[in-house]
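Scroll down for the structure; my scribbles are underneath it.
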Amino acid sequence: MTTNRILHAIALLCVAALAIALVSQHVFDMQPCAWCVLQRLIFLVIAVVCWLGVLTGRAIPGLRRLAAWLAALLGIGGVVAAWYQYTVAAQMFSCDMTFADRFMVSSGLDAGVPWLFGIFASCMDARVDLLGVEYALWSMGLFAVVIVLGAVAGVRLQGR
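Numbered per this note's numbering, the sequence shown finishes at 160, counting up by one with no gaps.
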């Protein structure tokens, strides 16, 4: 598999995660918490970084490598966010004033793009399962896949 294909695959996985989250929210009324929407933002940024790496990497190959490693680093941030949501925030009655809440509100994304980044539930209320597994764990697993694929793409480009 070429580096461009790996970057495309990462981006498509992230867009698929966003699509599943939006269908869950808007069709099945599973409202997101602050940590949920922070992870949505991370998935979106990873997809953009990967596609920019593919597009600009044709002119400057080093940018593909940078995009691959940035995707892996953002994936680590996503794992941390999902782990915090699963182990700490989901036990709290409110996510109010946690890092995710402060970041999303101060960015203006929750008010500017509420259908994607609106915070409509507490962390405890947002604990839902998909096929018997909590959403935060699915998210954590997908971020782990992003880390591995990003590292593979970054290492492949090491010698080039």
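Ideal Cβ positions, reconstructed from N, Cα and C, are used throughout, including at glycine.
Self-check item: DSSP three-state assignment for V37, whether helix, strand or coil
Solution: Secondary structure at V37: helix, using DSSP grouped into helix, strand and coil.
Quiz item: Whose C-alpha, out of L55, I46, A136, is nearest the C-alpha of L73?
Solution: When each option's Cα is compared against that of L73, the closest is I46.
Self-check item: Three CB pairs or more closer than 8 Å across the segment 112-130 and the segment 57-65
Solution: no
Practice problem: Would you mind stating whether L161 and I10 have Cβ atoms separated by less than 8 Å? | Solution: No information on residue 161 is available, as it lies outside the stretch 1 to 160 that the chain covers here.
Quiz item: Going by other Cβ atoms of all chains shown within 10 Å of its Cβ, with 16 needed for buried, is Q39 buried or exposed?
Solution: In summary, Q39 is buried, with 16 or more beta-carbon neighbours lying within 10 Å of its beta-carbon over all protein chains present.
Practice problem: Whole angstroms is fine: what's the gap from R124's alpha carbon to H8's? | Solution: Sequence check: residue 124 is Met here, not Arg. When rounded, the distance between both Cα atoms is 34 Å.
Quiz prompt | Through-space distance from W69 to V152, alpha-carbon basis | solution = Their backbone Cα atoms lie some 9 Å apart in a straight line.
Quiz prompt | DSSP state of L131 mapped onto helix, strand, coil | solution = In the structure shown, L131 sits in coil (DSSP, three-state: anything other than H, G, I, E or B).
Exercise. Taking S164 as the reference, give the member of G141, S139, V37 with the closest Cα.
Key: Residue 164 cannot be examined here, being either before or after the span of the chain that is shown, 1 to 160.
Practice problem: Just the C-alpha distance for S24 and L13, rounded to the nearest angstrom, thanks. | Solution: 16 Å
Quiz item: Excluding sequence positions up to five away, which residues of its chain have a Cβ less than 6 Å from the Cβ of A34?
Solution: C95, A100, D101, M104, I119
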